[in-house]
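Note sheet for the following structure.
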Amino acid sequence: MGTDSNVFEDSDDGDAGVSRLLTPGQVADLTGVPTSTLARWRCQRRELAFVRLGRAVRYRPQDVNAWIAEHVVEPCS
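Start counting the sequence shown at 1; every next residue gets the next number (the numbering used here).
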């Protein structure tokens, strides 16, 4: 990933198309947070924003990137 903190490439067209949405399993693989924890967070409406499409749950890449950025711990000097 280098110096780029984004897990995903951002699109300049501003379209957050459905094909770019992530499943809970994909988010779990990327973050190391178990799918059961993601499910609990959804029920509690905490931590990570999500999208509900009917019964399907998806995550926007920009929300995952923002969540990761919020949890960066800087080293002490």
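Ideal placement from N, C-alpha and C gives every residue a C-beta, glycine not left out. Keep in mind that this is a model prediction, so the values were computed, not measured.
- If you draw a straight line from the Cα of Arg-40 to the Cα of Arg-20, it comes to about 23 Å.
- Between the alpha carbons of His-71 and Pro-61 lies a distance of about 16 Å.
- Taking C-beta atoms as the reference points, Leu-38 and Leu-48 count as a pair closer than 8 Å.
- CA-to-CA, the gap between Val-51 and Ala-69 works out to about 20 Å.
- In summary, Val-73 is exposed, with fewer than 16 beta-carbon neighbours lying within 10 Å of its beta-carbon over all protein chains present.
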